[in-house]
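One point on numbering: in my numbering, the residue at position 49 of the sequence shown is 29, and numbering is uninterrupted.
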Amino acid sequence: MTELIKQRLKEELNACPLTKAEIAARVGVSPEMITQYVTTKKLPELDTFARLCKELDLSADYILGLKDE
């Protein structure tokens, strides 16, 4: 499940017109932390995950693999 979350988050971050630095600033983490979310086993804390979904206009259910769209 962690791999699916990382894969979907990476896809959405790449599709976003904002840079990782801009997303990180809006979410309140470092750009390096955004990179770690998609390249390491580290996942965002719940409040950070919620802010990421909001800033990227994503469904948490989709990122978590509960829905396909």
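C-beta: ideal position from N, C-alpha, C; glycine also.
Practice task
Go ahead and label A4 buried or exposed: buried means 16 or more other beta carbons lie within 10 angstroms of its beta carbon, across all protein chains shown.
Solution key: To locate residue 4, count along the sequence shown from 1; it is residue 24. Around the beta carbon of A4, 16 or more other beta carbons lie within 10 angstroms, which makes this residue buried.
Practice task
Identify, in the order they occur along the chain, each residue of the same chain with its Cβ nearer than 8 Å to the Cβ of C(-4), setting aside the five sequence neighbours on each side.
Solution key: As a working note, residue -4 is residue 16 in the sequence shown. Excluding its 5 nearest sequence neighbours in each direction, C(-4) has C-beta neighbours in its own chain below 8 Å: I3 and L36, listed in chain order.
Practice task
Check whether the Cβ atoms of V7 and R31 lie closer than 9 Å to each other.
Solution key: For the purposes of this step, residue 7 is taken as the residue at position 27 of the sequence shown. For the purposes of this step, residue 31 is taken as the residue at position 51 of the sequence shown. Against a cut-off of 9 Å, the Cβ pair of R31 and V7 comes out as a contact.
Exercise for the section: Could you pull out every residue in the same chain whose Cβ sits closer than 8 Å to the Cβ of G45, ignoring the five residues on either side in sequence? Expected result: Numbered from its first residue, the sequence shown carries residue 45 at position 65. For G45, same chain residues with a beta-carbon under 8 Å away, outside a window of 5 residues either side, are M(-19), L(-16), I(-15) and R(-12) in chain order.
Exercise for the section: Give the straight-line distance between the Cα atoms of L23 and I14, rounded to the nearest whole angstrom. Expected result: Counting from one through the sequence shown, the residue named residue 23 turns up at place 43. Counting from one through the sequence shown, the residue named residue 14 turns up at place 34. Rounded to whole angstroms, the gap between the alpha carbons of L23 and I14 is 9 Å.
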